[in-house]
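Residue numbers (the numbering used here), protein chains in the order written: chain A, 39 to 450; chain B, 11 to 337. Here a beta-carbon is modelled for each residue, glycine too, at the ideal position from N, C-alpha and C. What follows is a set of notes on a single structure, which appears directly below.
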Amino acid sequence: MVKLLLKNIYKIYPSRDKGPSIFKRLFSKNKEEKPKDFVAVKDFNLEIEDGEFVVFVGPSGCGKSTTLRMIAGLEDISAGELYLDGQLLNNVDAMNRDMAMVFQSYALYPHLSAYDNIAFGLKIRKIEEKYTDDKGVEKVRKRHLTKQEIDEKVQWAAEILDIKQLLNRKPSEMSGGQCQRVALGRAIVRGPKVFLLDEPLSNLDAKLRTSMRSEIVKLHQRLKTTFIYVTHDQVEAMTMGNKIVVMKDGVIQQVDKPTDLFQYPVNQFVAGFIGTPQMNFFNVTIQLEDKKSSKLLMTFENGESVSLDINKMRKIEEKFLDGEAHEVILGLRAEHILLQEKGIHLYLSVSEILGSYTHLFAHFENASNDYIISINEVSTLESGTELTIGFNEDKIHLFDSESKQSILEGKK
Amino acid sequence: MFQIAIIIFAVLLFIFGVVVFVDVLLAKKNNTKYHTKQVITAFLFILPAAIFAFFFIALPILYSLGYAFTDTGLFEPDGGKFIGFENFKAAFEEIKNGGTLAIAIKNTAIFVVLVVPLQITVALLLALFCNVKYKGRTIFKVCFFAPVVISLAVTSYLWLILLDPSSDGLMNTILMSFGLPQQEFLRNPDTTMIWIVIVSAWQGAGYQMLIFSSALSGIRKDLYEAARMDGCNAWKRFWKVTLPGLKPTLLYILITVFIGACRIMVQPMLMVGSYDPKAITISYFMYGQAYDFPYLVGYSSAIALLMTIFTGTITFLQRKLLGEKRK
């Protein structure tokens with residue numbers, strides 16, 4: 039069992055700023071002013087089981103690549119512990135970690151052919167081999183792989199990745215997609231314990247990205263090894279991973295299965311980050327109609343309100359059910375907003391027809407902020423049309439307006 | 011002689027004009043985005059440099075080429091007679107008989123064989139040393155580059171003082187303070203060329219270091235990271251990533267250092283002088299033949315031509331053997 043354990047991991051970059059100049063310090067009231075260090079990753083805790091496909095996702099600068107590079111050993115761990123199979127890896131050099139990495143830039147050696155690029159790691163590393171000496175004692179010796187062994191492995195990888203015809207080409211003679219396949223080949227051929235993929239598809243065009251995406255998933259199913267994949271693209275994360283780690287500002291926001299992440303986001307950031315189009319957020323006030331009732335009155339910013347049955351909703355935090363009015367944020371996905379006869383009134387700004395379905399961009403009267411409504415038909419509505427919307431209680435998300443955390447109960 | 015120069019200049023100017031004309035025609039025919047005016051403007055930009063190149067590069071080469079087949083002396087530049095390949099014959103004869111030219115060739119060969127690997131290795135090591143980030147590396151860079159900026163005459167003289175063979179010389183003082191015997195340095199025929207090699211490598215390495223430095227910073231960092239993930243230690247990373255990445259630069263430096271080394275003259279001239287067989291080199295010999303007694307400009311030109319052919323051939327072979335295969 040290969041288990042990767044990240045315990046209280048921090049990455050702190052010391053400030054390059056030498057602080058204020060001597061003159062500023064002389065005249066500054068705050069004499070203790072010191073340049074602040076940059077914390078790229080903060081208290082990162084994660085357990086990765088053998089064979090899992092874990093995706094780190096988040097906006098750029100959220101620390102996902104830094105975390106991956108710390109796992110790889112390309113970046114020092116400022117604080118915390120990293121274990122692989124119970125072995126502390128903090129001070130183990132990248133070359134001895136038995137991990138393989140696929141880079142965003144492919145990082146293929148430009149002077150070597152695809153074959154030699156794939157074979158590179160095999161030629162460098164030694165394997166341990168058991169043998170019995172003259173006295174019949176079993177011993178272990180290290181040796182390089184033979185040419186034939188290397189060839190067999192390279193051919194195996196080339197077969198899987200369908201790059202047999204490219205093996206004699208240099209990286210400069212291959213397209214981005216082909217280079218990325220070779221880079222994958224270089225990673226899989228060594229049979230490492232963990233695969234690390236740092237935005238491997240970012241440099242490819244949209245079509246190729248989709249096909250490579252499914253190929254990487256197939257590769258994972260075939261190899262059954264642990265994959266750690268970094269991306270800023272939530273679609274990639276949702277379609278590939280079986281465990282997703284959503285990060286923001288160096289902090290883990292939520293770790294969950296793709297479907298749970300979509301259905302039960304723990305805070306407004308995760309809710310907004312996962313799913314296309316982005317979730318709509320309405321500023322509303324909620325108030326229990328009276329203490330004994332199960333009806334929750336939700337008032338929108340235009341003054342209109344709807345009555346919701348709390349029994350149909352996910353369980354809401356008690357403190358919001360005290361009969362007082364509370365300001366909260368209502369999260370609604372575009373596809374969960376229904377056009378109906380009774381409800382809240384919005385006005386259509388534009389409609390985007392996307393083949394079989396349409397995105398309607400609508401706003402409150404005298405407001406400019408647009409909300410997106412997705413309908414499963416081709417819309418013929420014109421701009422300015424009044425829309426009446428509603429929603430089902432079980433599809434809503436509610437967030438505290440201050441802490442931005444979900445106030446609804448998570449997955450049972 | 012002046013008239014000949016003018017005629018050659020006129021001919022080259024005419025060729026230049028024809029090239030411009032053909033280019034304008036081609037531009038029109040191929041319907042490229044360039045207009046006639048642009049093409050002519052482009053060539054006009056080249057013209058000043060071309061005139062300079064003509065008077066200071068092309069013309070001397072052409073003259074020298076012409077002199078090689080005459081018996082021109084230094085004081086009768088127009089008085090030389092055409093004597094065919096006599097100068098070349100004389101040169102080969104001198105080599106065969108072990109004359110000064112043969113010694114000069116031997117000395118130059120020793121110099122080239124020693125200085126090329128030494129200077130390149132030193133330059134590469136210095137560049138690697140300056141490529142690592144640490145405080146004060148700019149100071150090192152400046153120190154290593156300083157000899158390049160200082161005149162050859164000055165550095166040669168400086169070393170001459172350092173290598174003073176008397177017991178008062180700096181090097182000898184140091185050696186003797188450690189109880190080591192006094193050395194003759196440049197005066198010892200066995201070590202003269204070696205010291206010239208050391209001085210030249212010290213003087214030249216800074217420039218190549220700078221070229222290596224820029225090439226080193228051009229090697230992508232992710233390749234080193236990939237190599238680390240593939241299990242390479244620092245030594246292997248140098249051989250598998252750094253060196254292949256430096257290959258084009260290495261070839262360029264190899265060729266320029268080789269050509270420069272073949273022309274070695276100032277150091278032997280200033281540090282040993284008087285056409286001493288200990289340190290005479292081809293260029294120095296050539297110079298001596300033309301500008302000192304016996305003032306044989308024709309003979310000197312013939313040797314220069316032979317040397318050009320030789321260095322040209324070697325450079326061509328280096329490119330063929332070590333260069334990237336063209337697609």
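{"Item": "Can you check whether the C-beta of Ala236 of chain B is within less than 8 Å of a C-beta belonging to chain A?", "Value": "yes"}
{"Item": "Is the Cβ-Cβ distance between Phe91 of chain A and Gly361 of chain A less than 8 Å?", "Value": "no"}
{"Item": "Using DSSP's beta-bridge definition, name the partner residues of Leu425 of chain A.", "Value": "A:Leu384"}
{"Item": "Using a Cβ cut-off of 8 Å, pull out every chain A residue sitting near Gly241 of chain B, in sequence order please.", "Value": "Met133, Asn134, Gly159, Ile162, Arg163"}
{"Item": "Is the Cβ-Cβ distance between Phe319 of chain A and Ile354 of chain A less than 8 Å?", "Value": "no"}
{"Item": "Spell out whether any CB of chain A is found under 8 Å from the CB atom of Pro175 of chain B.", "Value": "no"}
{"Item": "Can you check whether the C-beta of His401 of chain A is within less than 8 Å of a C-beta belonging to chain B?", "Value": "no"}
{"Item": "Taking the C-alpha atoms as reference points, what is the distance between Glu403 of chain A and Leu84 of chain A?", "Value": "46 Å"}
{"Item": "Run through DSSP, which three-state label would Met317 of chain A get?", "Value": "coil"}
{"Item": "Can you look up Asn155 of chain A in the DSSP assignment and give me helix, strand or coil?", "Value": "helix"}
{"Item": "Using a beta-carbon distance below 8 Å, is Ala163 of chain B in contact with chain A?", "Value": "no"}
{"Item": "Quick one: using the 10 Å Cβ neighbour count with 16 as the cut-off for buried, is Cys153 of chain B buried or exposed?", "Value": "exposed"}
{"Item": "Taking all protein chains shown into account, decide if Ser389 of chain A is buried (16 or more other Cβ within 10 angstroms of its Cβ) or exposed.", "Value": "buried"}
{"Item": "Return the chain-ordered list of same chain residues with a C-beta closer than 8 Å to the C-beta of Ala237 of chain B, the five sequence neighbours on each side being excluded.", "Value": "Lys246, Arg247, Lys250, Val251"}
{"Item": "With DSSP collapsed to three states, give me the class of Asn460 of chain A.", "Value": "With chain A represented from 39 up to 450, any question about residue 460 of chain A goes unanswered, as that position is not in the structure."}
{"Item": "Taking 8 Å as the cut-off, decide whether the C-beta atoms of Leu425 of chain A and Leu377 of chain A are in contact.", "Value": "yes"}
{"Item": "Should the region 164-172 of chain A be regarded as contacting the region 226-243 of chain A, the criterion being three or more beta carbon pairs within less than 8 Å?", "Value": "no"}
{"Item": "Would you mind working out which of B:Met181, B:Ala271, B:Met281 sits nearest Ala163 of chain B, comparing C-alpha positions?", "Value": "B:Met281"}
{"Item": "Return the bridge partner residues of His374 of chain A from the DSSP annotation.", "Value": "According to DSSP, which records beta bridges pairwise, His374 of chain A is partnered with nothing at all."}
{"Item": "For Arg181 of chain A, does the three-state DSSP call read helix, strand or coil?", "Value": "strand"}
{"Item": "According to a CB-to-CB cut-off of less than 9 Å, which residues of the region 129-152 of chain B neighbour chain A?", "Value": "none"}
{"Item": "Just to confirm, are Ala157 of chain A and Val130 of chain A a CB contact at a threshold of 8 Å?", "Value": "no"}
{"Item": "Would you decide whether Leu327 of chain B is buried or exposed? Buried here means 16 or more other CB atoms lie within 10 Å of its CB.", "Value": "exposed"}
{"Item": "Starting from Leu233 of chain B, find everything on chain A with Cβ-Cβ shorter than 7 Å and list it in chain order.", "Value": "Ala145, Tyr147"}
{"Item": "Okay, do the region 429-442 of chain A and the region 397-415 of chain A touch, 3+ Cβ pairs below 8 Å being the bar?", "Value": "no"}
{"Item": "Would you call the region 197-211 of chain A and the region 135-152 of chain A in contact, with 3 or more CB pairs under 8 Å?", "Value": "yes"}
{"Item": "With a CB to CB cut of under 7 Å and the five nearest residues on each side skipped, what residues in its chain are close to Ala195 of chain A?", "Value": "Ile156, Gly223, Ile226, Val227"}
{"Item": "So what's Asp232 of chain B in DSSP terms, helix, strand or just coil?", "Value": "helix"}
{"Item": "Kindly indicate the opening and closing residues of the alpha helix (DSSP H) around Gln291 of chain A.", "Value": "Careful: Gln291 of chain A lies outside any alpha helix (DSSP H), inside the beta strand (DSSP E) at 289-294."}
{"Item": "By a C-beta neighbour count over all protein chains shown, 10 Å radius and 16 as the cutoff for buried, is Ser311 of chain B buried or exposed?", "Value": "buried"}
{"Item": "How would you call Arg336 of chain B, buried or exposed, if buried means at least 16 neighbouring beta carbons within 10 angstroms?", "Value": "In this prediction, Arg336 of chain B has a pLDDT of 48, which is less than 50 and means its spatial position is unreliable; what the coordinates show is noted afterwards. So Arg336 of chain B ends up on the exposed side."}
{"Item": "For Ser103 of chain A, count neighbouring C-beta atoms within 10 Å of its own C-beta (all shown protein chains included) and say buried if the count is 16 or more, exposed if not.", "Value": "buried"}
{"Item": "List the residues of chain A whose Cβ lies closer than 7 Å to the Cβ of Lys246 of chain B, in chain order.", "Value": "Ile162"}
{"Item": "What is the DSSP secondary structure of Lys357 of chain A, reduced to helix, strand or coil?", "Value": "helix"}
{"Item": "If we ignore side chains and look at the alpha-carbon of each, how far apart do Asp512 of chain A and Ser387 of chain A end up?", "Value": "The requested residue 512 of chain A does not occur in the structure, where chain A is confined to residues 39 to 450."}
{"Item": "Quick one: residues in its chain with C-beta nearer than 7 Å to the C-beta of Ser343 of chain A, no 5 flanking neighbours on either side, listed in chain order?", "Value": "Leu335, Met336, Thr337"}
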